[in-house]
Amino acid sequence: MSKVDFFAQVLYEVIERRVSLDVAFKRACKKRCARTLDERERLYQECRRLVSNYVKLKCLSTKKHSSYRDLARAWVSGRVYEPVEPHCRLSVSKWLYEKIANLLGPGGAEAMLKAFEERTWWLRLNTLKAPEERVLKELEAEGVELEVHPEIPYMVRVLSSPRPIRLLKPVREFKALPQDLASAVSVEFIDVRPGDVVVDMCAAPGLKTSLIVMLEESARVLAFDISNKRLRIMRHLLKKLGVPESRVQIALADSRFINLVRPVDKVLLDAPCSNSGSIDKDPSIKATLTQGKVEFYSKRQLELLLKSLELSDCVVYTTCSILPDEGEDVIEKIVKKTSVKPVVPLRFRGFCSPGYSGYEFSSNVCRLYPHVHKSEGFFISRLERL
Ligand SMILES: C[S@@+](CC[C@H](N)C(=O)[O-])C[C@H]1O[C@@H](n2cnc3c(N)ncnc32)[C@H](O)[C@@H]1O
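Per numbering that gives the first Met the number 0, the sequence shown starts with residue 0, numbered consecutively.
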């Protein structure tokens, strides 16, 4: 297959089939697409840049209805100029650009969208398998350059790596695992105490569940998820990570309708969302995110959060989203309907950015941004009953 055809297929999969970059790449690569691992990695990175520039390519096209082949050909020819319109230049839809620019100003929007172009890798040192210092030494012995997070010592940022992260020995042995900083901060917001029972409402594939268990050895987790397929992956992952079976009870459920015999100490609601904060992981999100999708998730998040508050007096609500529709707006409805207040734990007050302005509780919720925290774009709120 020629390069143009290959790229056209990747674009087709992303836009028409609505799959992630990784799935699109795998499908296009079904037959052999590269001779060596290095070649495959280079091709993947080029596909990543192509998908990230999809909206820009469409803006630059002189045809009204350009085909995926036309766009792929323009990309391969290298004739990609800087368009004037900011949303075209930053390669996102107009509504999304305008929304972000209204929240953060044009400078802030540009800084955040540009930061998404680079993938930042964080690793969690999995102390269920080996002590932190040993894993650090093993990573360094492989030639990985790292920076330990000053607040959260089991989180390390990869500055450079001689090979793809998934191929590093400690990662293959599950002593270290790719997990974003924001995901770790979300779990830290729970402040799990000895003997706590925690409900994880949307748990699969289990990154946060396994971190809860790692942080407090006597805590137990009741983990729910609506997807059987993702729960299968979760069971496998927990085993590989060294999570004792007795510590996590897993159940397939639509968490909007679960009932428990008694309240639990804490609930984590890592709700399904538009994933607009994960553009660095999957640039296809920039090309396919719609207002309808955001509205759908926003309603679902409210339903799940209302149920969470029936189960515990302390709920940590998180979404991997840069949009207030899935953060502040949901909390505003909850604060009006129930007797809870959002709080930022003391140790994160200097670290978190506040929520978007215009809400009474903006300084009591936490936003993380790629251009500020080198993390995914995340919204985190700890809700306590008054
Ligand atoms: C952001 S992911 C969770 C990631 C997980 N917390 C982790 O750290 O690995 C959202 C999850 O919500 C699940 N989900 C979506 N709607 C749900 C519902 N109504 N009830 C339970 N789980 C749901 C999805 O299947 C998906 O696994």
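We treat Cβ as the ideally placed atom computed from N, Cα and C, and that holds for glycine.
Residue i versus residue j: straight-line alpha-carbon distance, rounded
i	j	result
S254	A110	36 angstroms
R72	A175	40 angstroms
K336	V329	11 angstroms
P262	K128	32 angstroms
P193	K265	12 angstroms
R88	L56	10 angstroms
E331	G354	12 angstroms
L95	I164	31 angstroms
C32	S356	48 angstroms
V155	E187	15 angstroms
G232	S226	What sits at residue 232 in the sequence shown is Ile, not Gly. Rounded to whole angstroms, I232 to S226 spans 10 angstroms at the Cα level.
E45	Q178	24 angstroms
Q199	R68	Sequence check: residue 199 is Asp here, not Gln. Cα to Cα, D199 sits roughly 44 angstroms from R68.
V364	L303	18 angstroms
G106	I99	10 angstroms
V191	L214	8 angstroms
V18	S277	14 angstroms
S352	K25	37 angstroms
E139	L145	8 angstroms
L42	F5	10 angstroms
S297	S307	15 angstroms
L122	K63	44 angstroms
L70	K93	19 angstroms
L237	P85	44 angstroms
A181	S374	6 angstroms
R133	L124	10 angstroms
N- and C-terminal bounds of the alpha helix (DSSP H) containing residue i
i	result
A114	93–114
L122	Counting along the chain, L122 falls outside any alpha helix (DSSP H), though it belongs to the beta strand (DSSP E) covering 121–124.
C427	Given a span of 0 to 385 for the chain in the structure shown, any question on residue 427 remains unanswerable.
K128	Element bounds for K128: n/a, residue is neither H nor E.
V22	20–27
R171	168–171
L10	2–15
D69	67–76
E187	180–189
K30	Unbroken run through K30: none, as it is neither H nor E.
V212	206–214
S283	283–287
Residue interval of the beta strand (DSSP E) (run including residue i)
i	result
L89	Where L89 is concerned, there is no enclosing beta strand (DSSP E), given that its DSSP letter is neither H nor E.
A175	175–177
D269	265–269
V196	196–199
Burial state of residue i (16 or more Cβ within 10 Å)
i	result
I211	buried
L206	buried
L166	exposed
F256	exposed
N386	Because the chain in this structure spans residues 0 to 385, residue 386 falls outside the shown range and cannot be described.
F115	buried
V50	buried
M0	exposed
I249	buried
T289	exposed
A202	buried
F295	exposed
K113	exposed
N101	exposed
D37	exposed
G104	exposed
R381	buried
T387	The chain is shown from 0 up to 385; residue 387 falls before or after that span and cannot be answered.
G396	The structure shown has nothing for residue 396, since the chain only spans 0 to 385.
S217	exposed
P341	buried
G77	exposed
N258	exposed
V260	exposed
G142	exposed
G326	buried
Which residues DSSP lists as bridging residue i, in chain order
i	result
K340	E383
F378	T318, R366
F223	A250
L145	V157
C272	BP columns for C272 are empty, so no partner.
S352	R366
C313	E383
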